[in-house]
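Let me begin by presenting the structure, written as structure tokens, before commenting on it.
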Amino acid sequence: MSSTTTNPNNLSTVAAARMANPFWHRIRRNPLTLFGLFLLLLIVLMSVFAPWISPYDPTKIDIAGRFAPPSAEHWFGTDEVGRDIFTRILYGARLSLGVGVAVVVCAGLIGTVIGAISGYFGGKPDQVIMRLMDIVLAFPALVLAMAIAATLGPNLQNAMIAIAIIKIPVYVRLARAEALALREKLYVKAAVTFGIKPWRIIARHIVPNAISPVIIQVTLDIGDAILLVATLGFLGLGAQPPTPEWGAMISIGWKHLLDYWWYPTFPGLALFLASCGFNLVGDGIRDILDPRENRA
Amino acid sequence: MNMLLEIKNLSVSFSSMQEKILALRNVSFSIQKGEIVGIVGESGSGKSVTALSILGLLEKNATIESGSIFYKGTDLITLERKALQSLRGKEIGMVFQEPMTALHPTMRIGAQLAEVIRRHRRVSWREARRLAVESLAEVHIRDPELVARKYPFELSGGMRQRVVIALAMSSPPELLIADEPTTALDVTIQHEILKLMQELAIRRGTAVMLITHDLGVVSQVCRRVVVMYAGEVVETGTTDEVLRHPRHPYTRALIGALPDLAEPGQPLMAIPGDPPDLRRRPPGCAFAPRCSRALPVCFEDHPLLELAAGESFTHYVSCWGGKPDETTA
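Protein chains in written order, with numbering that gives the first Met the number 0: chain A, 0 to 295; chain B, 0 to 328.
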């Protein structure tokens, strides 16, 4: 009984915790976000400590032990040349997460700068930039990414460039919209009257104040980028074998689905959980940072 | 002559859709070095447009139709953008009406000051920080070290306006344009801010162009007044001349509407009617439709800004004279 009744003392500690860290307090009240955070933490820790978790080498070939089903020795079984699938998933997580985060952060930064410039100066340069972005947006994202990756040549680096290019317009639009509003703010105008140069106003006044919607979009996009990397890998346009990449693993594995179900299933599951985790966390951060969606 | 700023026949128009609106019409006045000049008029009379014209910060839909703005002998209108940019903040500072929004919300006060200081002086960040704290002390902020580390939202309105003044005065400029600097503040703070600006102006020899709609403010600090109506200068002279012996009916009406000067128990004398629609300027005097003493000529011909009758050489008025005053002359 006494534990369920809220005494004033208890209340004040909750309030104090809330004051100390409002961000964490709000995450705690959102079980889905918490679950996503847990997933991500798990994946990150496992990928970081991969060499200690698994005794196998992700590229070590063992023809005699090919297509071994999941067992105590090989938790997720082995592939067509006897490599341990669990180990390859762990190392693949390093690549997928790293690439996903790197691509989206790059796209976010580049997009924000372009958008801030476009929105702040307005006029003709703005028109030109926005029409270019419209062209990129006019294509289905995946098709354009495939086209760019195929044109540049199939390897991981080009796949990253392709994904960054298709992601940039979203950030340009976000940052531009913010810049258009910020340009009219008195403190920006005041900075102009103090003789501050335009590029400095963009760097110090526009970009830092336009960044919050971009951050939300970045967290939402990482999951998508991981999927895109895997998709390009699956299509042979991304990481090339024997690099342990989830998409490439699924690509080879799906031909063996009926005989050796574990081969494509586990990388697919890993991919699902990773993008799921990022999306849940992204949604959570959006809810927290968006004051308009403050629910009781 | 110690002429700092001289505006001659400045006309500015705004174009919206198909219409063209003449916001300023033949505005002429001057400010001498170290002088505090009040620009008075109601909303939409062109006070702010004049200020923005000087700084070259008019919106894109505005065009300067004619006239010139001489600053120390160079015409700012023909000055190239780069040169004007370095003039802004260094030689001409500006203080805004809203201290609440004139500061960068996510930058510490000290950093904002340091940035402006570094823009115009070649000093290290460390030196700029020191100067920033110094300039806060100069606007009578107690504990400037502490305030420099604060964010704008942690300060009160009066404090923020002091910071804004510190920002505008940091170079220090020769001309400070203050666009209704005390409107958003309460009366006691208003007085302090005015005193502060007056003190800084005297100490540093900065000329101040004080834009206001408050004649009380003018009488407190200004040496000269420019009264504007519908984008035109209707009367100008020393504060004493204009406030004690107003010649233009509009100025008289403004003074009559002042609570301080009204007879106790008598209703305030509001000016009947509204300011004219600038899209359809009357051919004659812009104030004629609201003027109680208008003559037929007032509706047909535009009066010129001429030396007012009297011994003064500084008092100018743009009025046909009107019917003789029914009350006291």
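Ideal Cβ placement from N, Cα and C applies to all residues, glycine included.
For A:D286, the enclosing alpha helix (DSSP H) covers residues 261 to 288. The C-beta distance from B:V216 to B:T238 rounds to 11 Å, too long to meet the 8 Å contact threshold. From the listed residues B:H139, B:R107, B:A131, the smallest Cα separation to B:R117 is found for B:A131.
Look at B:Q265 here: in three-state DSSP terms it is coil, with no helix or strand label. Taken in chain order, the complete alpha helix (DSSP H) segments of 4 or more residues contained in the stretch 88 to 126 of chain B are 108 to 119. Secondary structure at B:N25: strand, using DSSP grouped into helix, strand and coil. DSSP lists no bridge partner for A:K123. Contact check for B:I38 and B:L277: beta-carbon distance about 18 Å, past the 8 Å limit, so the pair fails to qualify. Distances from the alpha-carbon of A:Q239 to those of A:G283, A:T77, A:T58 put A:T58 closest. In the three-state reduction of the DSSP assignment, A:L219 falls in the helix class, which pools H, G and I. Under the criterion of beta carbons closer than 8 Å, B:N60 and B:F13 qualify as touching, at roughly 6 Å. Assignment of B:A167 by DSSP, reduced to helix, strand and coil, places it in the helix class. Close partners of B:V115 in chain A (Cβ separation under 9 Å): A190, F193, G194, I195.
The CB of A:L185 comes closer than 8 Å to the CB of F95, E97, T100, A101 in chain B, given here in chain order. For the pair A:A273 and B:Q17, the Cα-to-Cα distance works out to about 57 Å. Among the residues of chain B, those whose CB is under 7 Å from the CB of A:H204 are H103, following chain order. Of the other Cβ atoms in all chains shown, 16 or more fall within 10 Å of the Cβ of A:F233; this residue is therefore buried. When C-beta distances to chain A are compared with 7 Å, every residue of the stretch 148 to 161 of chain B stays at or above that value. CA-CA distance, A:L44 to B:Q189, rounds to 60 Å. The DSSP-derived three-state label of B:E179 is coil.
Annotation: Cβ neighbours of B:R118 in chain A (cutoff 9 Å, chain order): F193, G194, I195, K196, R199.
In chain order, A161, L231, L234, L236 place their CB closer than 8 Å to the CB of A:M145, counting only its own chain and leaving out the 5 sequence neighbours on each side. Think of a sphere of 9 Å around the beta carbon of A:N208: the chain B residues whose beta carbon falls inside it are H103, P104, T105, in chain order. About 16 Å separates the Cβ atoms of A:M248 and A:G99, ruling out a contact at the 8 Å cut-off. Chain order gives the chain A residues near B:K89 as G194, where near means a beta carbon separation below 7 Å. Between A:I60 and A:G81, the beta carbon gap of about 6 Å places them in contact (Cβ cut-off 8 Å).
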